[in-house]
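For the sequence shown, the residue numbers in numbering that gives the first Met the number 0 are 0 to 341.
Just so it is clear, CB atoms sit at the ideal spot from N, CA and C, and this is done for glycine as well.
From a predicted model like this one, the values you see are computed outputs, not experimental measurements.
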Amino acid sequence: MKQTSRELFKDATSGKKTNRPPVWLMRQAGRFLPEYRELKKTHTFTQIVQTPDLAVEATLQPIRRFDFDCAIIFSDILVVAEALGFEYEFKDTGGIRLLKTVSNEKDVIELTARVNDVCQHLQYVKEALQILRNELPHKAIYGFCGAPWTLACYLVQGENIQGFPKLLQLQQSNPVLFEKMMNALTQASINYANMQLQTQIDAFQVFDSHAGLTSLNSYNELSGKWIAKIVEEIKGKAVSVVFANEMSGRLAEATKTNADFYSLDATKKLSEVRNQYNIGLQGNLPPEILSNSTAQQTALRTKEIIDDMKDFGRHIFNLAHGIKPDAKLENVEAMCQTIRGY
């Protein structure tokens, strides 16, 4: 009997020998798909995220088209911020804006008071995951959240401004308040992760999109130690994956989170990292390849990555970052065919 995607994922992530790695792409549900653009004509992003049937539809679209081994629930890292009372909106110029921010002790007290109610506000995510599990019994399913540090970037700055200087100022001027805020965000994230784990997800990914803002040797103190608390909660219940952006040059710091897998950018060969750190690896095709190359070039780069990792195991094929809106469908198909035919 042919091995299912879910079985392949379990074998690959547990270190068993597999013929090929399981594959999915960060941001695989989204703007590069014509069917998603059709969905966006009649529904806003927020409506899709907060309506279980629509979130499931967006999640299923790339699975139907490319038959990826893994589905990741269509959602947003800022749903936790919203559940904590920090609503956000999309700016006409692009990016997001929070309607209120964290700037003092009173704000942190209010945030902390809402931590245990987070899951009550996010039942739509649980419902979507339950539907998805029923729809995809033979696929691996990812849940996710944003890293507390990355959430804090938005909560303190209020919008995605380069460098998020207000958070760094808060941390330096009032480290006690910073710790209180991070503690609350971490507990909220743990509560959210546990809710998702109840739906039989196979993996849980923590997205630390702004990890690179931490200075040398400060990552563990500012971000990593908080992610480690979330990872500890997930251990043994689902495969834990950490995506820490712009940290490939500081892997000794980044891998202290003790996650099962680390999602790597394109600046290093996976085999080099595996030789140095005994950790599962996810990645790491540059998304630019899918946007700018030919199908043949995509197939060659895909094969190079699989060849590089074939003797190591514990590899999930993915991109170095999220797929871009201008990715060519034929290149994604060439990538998938190369992996399946390996």
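| Item | Value |
| --- | --- |
| Taking residue 76 as the reference, give the member of 284, 184, 249 with the closest Cα. | 184 |
| Ordered along the chain, which non-local residues of its own chain (more than five positions away) have a Cβ less than 6 Å from that of residue 320? | 286 |
| Let's test the definition: count the other Cβ atoms within 10 Å of the Cβ of residue 58 and tell me whether it reaches 16, buried, or not, exposed. | buried |
| Can you grab the Cα-Cα spacing for the pair residue 213 / residue 221, in whole Å? | 7 Å |
| Decide if residue 266 is buried, meaning its Cβ has at least 16 other Cβ atoms within 10 Å, or exposed. | exposed |
| Which first and last residues belong to the beta strand (DSSP E) in which residue 271 is found? | No beta strand (DSSP E) holds residue 271; the alpha helix (DSSP H) holding it covers 269-275. |
| Quick check on residue 108: buried or exposed, where buried means 16 or more other Cβ atoms within 10 Å of its Cβ? | exposed |
| Is it the case that the Cβ atoms of residue 193 and residue 117 are separated by a distance below 7 Å? | no |
| At the level of alpha carbons, what is the spacing between residue 84 and residue 228? | 23 Å |
| Which first and last residues belong to the alpha helix (DSSP H) in which residue 120 is found? | 117-120 |
| What's the call for residue 209, buried or exposed, on a 16-neighbour Cβ count within 10 Å? | buried |
| Look up residue 28 in the DSSP assignment and say whether it is helix, strand or coil. | coil |
| How about residue 317 and residue 279: are their beta carbons less than 7 Å apart? | no |
| Give me the Cα-Cα distance between residue 34 and residue 60, rounded to the nearest whole angstrom. | 7 Å |
| Should residue 21 be labelled buried (16 or more other beta-carbon atoms within 10 Å of its own) or exposed? | buried |
| At the level of alpha carbons, what is the spacing between residue 1 and residue 91? | 48 Å |
| Answer with buried or exposed for residue 15, where buried requires no fewer than 16 other C-beta atoms within 10 angstroms of its C-beta. | exposed |
| Going by C-alpha to C-alpha distance, which of 149, 167, 308 sits closest to residue 223? | 149 |
| Is the CB-CB distance between residue 241 and residue 155 below 7 Å? | no |
| So the alpha helix (DSSP H) residue 176 belongs to, where does it begin and stop? | 174-196 |
| Which residues mark the beginning and the end of the beta strand (DSSP E) in which residue 146 is found? | No beta strand (DSSP E) holds residue 146; DSSP gives it neither H nor E. |
| Within 8 Å, do at least three Cβ pairs link the segment 3-14 to the segment 195-205? | yes |
| Spatial neighbours of residue 298 within its chain, please: CB distance less than 6 Å, with the 5 preceding and 5 following residues excluded, ordered by chain position. | 333, 337 |
| When the Cα atoms are used, what is the spatial distance from residue 301 to residue 341? | 10 Å |
| Go to residue 281, then tell me how far its beta strand (DSSP E) extends in each direction, as first and last residue. | 279-284 |
| Below 7 Å between beta carbons: does that hold for residue 130 and residue 55? | yes |
| Where does residue 83 fall in DSSP's three states? | coil |
| Within the same chain, show all residues whose beta-carbon is closer than 8 Å to that of residue 120, passing over the 5 residues directly before and after it, in chain order. | 81, 82 |
| Given this structure, state the Cα-to-Cα distance separating residue 339 from residue 43, to the nearest angstrom. | 35 Å |
| Where do the N-terminal and C-terminal ends of the beta strand (DSSP E) with residue 70 fall, by residue? | 69-71 |
| Going along the chain, which residues of its own chain have a beta-carbon closer than 7 Å to the beta-carbon of residue 177, five neighbours each way excluded? | 169, 170 |
| Please classify residue 126: does DSSP put it in a helix, a strand, or coil? | helix |
| With 16 other CB atoms within 10 Å as the buried threshold, where does residue 12 fall? | buried |
| Let me confirm a value: residue 195 is counted as buried when at least 16 other C-beta atoms fall within 10 Å, else exposed. Which label applies? | buried |
| Helix, strand or coil, according to DSSP, for residue 133 in the structure here? | helix |
| What would DSSP say about residue 167, mapped onto helix, strand or coil? | helix |
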